[in-house]
Amino acid sequence: QDAFPFKGPQVYDKNVRLQFGRCPVRALFPEALQIFSKKQDQFKNFISHRMCLSDAPKAYEMFDQRLARKIIFDLQI
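One point on numbering: in this note's numbering, the residue at position 51 of the sequence shown is 112, and numbering is uninterrupted.
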């Protein structure tokens, strides 16, 4: 499949909202995980940083300054 013809910050600046309906998560999770595992290279640039939860203030500052796209708070760090 083709990549989106726009960047995340463009969507954010336009205040675009994506809405999704409910789905039977438990029933679909195994299949979704299998697909994600096969296509994980398509998601490699989605997460820009992994940080400790204690660094949350710094993470929000980075996001506010557009120095990060998506930050995951890792509780194991």
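C-beta atoms are modelled at their ideal positions from N, C-alpha and C, and glycine is treated no differently.
- Three or more pairs of CB atoms, one per stretch, sit closer than 8 Å, so the region 94–108 contacts the region 124–137.
- In this structure, DSSP gives PHE124 a helical state, which the three-state scheme calls helix.
- Secondary structure in the region 62–138: the alpha helix (DSSP H) runs of 4 residues or longer, each lying completely within the stretch, are 69–74, 86–99, 117–125 in chain order.
- Taking C-alpha positions only, LEU89 is separated from LEU79 by approximately 20 Å.
- Per the coordinates, the alpha-carbon of GLY82 lies some 33 Å from the alpha-carbon of ASP116.
- When only Cα atoms are considered, MET123 and GLY69 end up about 15 Å apart.
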